[in-house]
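Under this note's numbering, think of the first position of the sequence shown as 31, with each following residue one higher. Reviewing the structure listed below.
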Amino acid sequence: MKIIGDYHTHTIFSHGKGTIRDNVEAAIDKGLKEIAICDHGPGHRLYGVKKKEIFEMRKIIDELNQEYEDINILLGVEANVMDYNGTIDIDEEILKAIDILLLGFHYGIIPKDGGSRFKFYFLNPISKVLPFLQKRMVNLNTEAIIKAINKYPIDLITHPGSKARLDIKKVAKAAYNRGTALEINSNHSQLSVENIKIALTEKVEFYINSDAHEPSMVGNVNKGLERALEAKVPIHRIKNIEG
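Below you can see the structure in the form of structure tokens.
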């Protein structure tokens, strides 16, 4: 099996270590046909790309697509779930400027309301050690991401289950119904083999991505591929792999 595209890479516009050009050239060296540049959404207080920079990135990517004929370069954003109503940190103006929209739970955001802040930064962490809270928080996290899936044109849920535990079966079903894929992330432990197997009970499709934060990691999906093979994911269910 061979990876043909990497749809989750970061640059110096958030907390990556390389430029957009660096990532593109690394992708070409790896033989990729497509790459997406998806820096963190502007709601991330530590690493988020500034809104005005997204339009600067658009210009750079348009120019690089003219320069490099052997690869297609996409502009994306890895958006953040900002509250338990499923609001994300991407507006219509940004949506019109990008080619692909990723979404995940991340620390480093400030949720839009006090209740969401309490749940995300207090109840979520302690639910991992207090079993009586686990089911409640899994349900709340799951509802939030499903609301986001139904509100926005999300192409891909990044590292689902990392940062906030989810009911993967429910997320997979909602994602399939909206044409949204789930990510097997090579830089995080999610989707885990167990959660991949759960997701496979629905018809959802997958991407295996690097989540590269430096150019040398672009296209490096070995860990994710190993988990996909162990879970016996059919090749036709993985959108960026050729058999």
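We put the CB at the ideal spot given by N, CA and C, even for glycine.
Rounded straight-line distance, which links the Cα of Ile214 to that of Glu55: On the sequence shown, residue 55 is found 25 positions in, with the first residue counted as 1. On the sequence shown, residue 214 is found 184 positions in, with the first residue counted as 1. Their backbone Cα atoms lie some 23 Å apart in a straight line.
Give the DSSP-derived three-state secondary structure of Ile185 in the structure shown. Along the sequence shown, one-based indexing puts residue 185 at 155. Per the sequence presented here, residue 185 reads as Asp, with Ile not at that position. Asp185: coil per DSSP, three-state reduction.
Which whole-angstrom value is the C-beta distance of Leu212 and Ile187, which I expect to be below 8 Å? As a position in the sequence shown, residue 212 is number 182, starting the count at 1. As a position in the sequence shown, residue 187 is number 157, starting the count at 1. Contact holds; Cβ gap of about 5 Å.
Helix, strand or coil at Glu244 [DSSP, three-state]: Mapped onto the sequence shown, residue 244 falls at position 214. DSSP, read as helix, strand or coil, puts Glu244 in coil.
If you follow the beta strand (DSSP E) that Ile106 is in, where does it begin and where does it stop? Counted from its first residue, the sequence shown places residue 106 at position 76. Note that residue 106 corresponds to Gly in the displayed sequence, not to Ile. Per DSSP, Gly106 belongs to the beta strand (DSSP E) from Asn102 to Asn110.
Given Glu64 as reference, the closest of Asn102, Asp119, Gly71 and Lys81 once Cα atoms are compared: For the purposes of this step, residue 64 is taken as residue 34 along the sequence shown, with counting starting at 1. Minimum Cα distance to Glu64 is reached at Asn102.
Beta-carbon within less than 6 Å of Thr210's beta-carbon, same chain only, minus the 5 sequence neighbours each way: which residues are those? Looking up residue 210 in the sequence shown gives position 180. Excluding residues within five positions, the ones whose Cβ falls inside 6 Å are Ile179 and Ile184.
Report yes if the C-beta distance between Lys193 and Phe135 is below 8 Å; otherwise report no. By one-based count along the sequence shown, residue 193 stands at place 163. By one-based count along the sequence shown, residue 135 stands at place 105. Cβ atoms of Lys193 and Phe135: closer than 8 Å.
Under a three-way DSSP split, which group does Glu173 fall into? Residue numbering aside, residue 173 sits at position 143 when the sequence shown is read from its first letter. Looking at Glu173 - three-state DSSP - the assignment turns out to be helix.
Using alpha carbons as the reference points, say which of His266, Lys262 and Leu196 lies closest to Gln164. On the sequence shown, residue 164 is found 134 positions in, with the first residue counted as 1. The shortest C-alpha separation from Gln164 is found at Leu196.
Just to confirm, are Gly191 and Gln220 a CB contact at a threshold of 8 Å? As a first step, residue 191 must be located in the sequence shown, where it is residue number 161. As a first step, residue 220 must be located in the sequence shown, where it is residue number 190. Yes; because the gap between Cβ atoms is below 8 Å, this pair is in contact.
How is Ala205 classed by DSSP in three states: helix, strand or coil? Here residue 205 is taken as the residue at index 175 of the sequence shown, counted from 1. Correct three-state label for Ala205: helix.
Which residues in the same chain as Leu76 place their Cβ atom closer than 7 Å to its Cβ, once the five residues preceding and following it in sequence are excluded? For the purposes of this step, residue 76 is taken as residue 46 along the sequence shown, with counting starting at 1. Within its own chain, the residues whose Cβ lies closer than 7 Å to the Cβ of Leu76, once the five positions on either side in sequence are excluded, are Gly138, listed in chain order.
Leaving out five residues on either side along the sequence, give the residues of the same chain with a beta carbon under 6 Å from the beta carbon of His45. Sequence index remark: in the sequence shown, residue 45 carries index 15 (1-based). If we look at His45 and ignore the five residues flanking it on each side, its Cβ neighbours are Tyr77.
Spatial neighbours of Met247 in its chain, beta-carbon cut-off 7 Å, leaving aside the 5 residues before and after: Mapped onto the sequence shown, residue 247 falls at position 217. For Met247, where only same-chain residues beyond five positions count, the Cβ hits under 7 Å are Ser240.
Limits of the beta strand (DSSP E) - the one that Gly71 falls within: For the purposes of this step, residue 71 is taken as residue 41 along the sequence shown, with counting starting at 1. Here Gly71 belongs to no beta strand (DSSP E), and DSSP marks it neither H nor E.
Using 8 Å as the threshold, is the C-beta distance between Leu131 and Tyr206 below it? Walking along the sequence shown from the start, residue 131 turns up at place 101. Walking along the sequence shown from the start, residue 206 turns up at place 176. No.
Whose CA, out of Asn95, Asp92 and Ile128, lies closest to the CA of Ala109? Numbered from its first residue, the sequence shown carries residue 109 at position 79. Closest option to Ala109, Cα to Cα, is Ile128.
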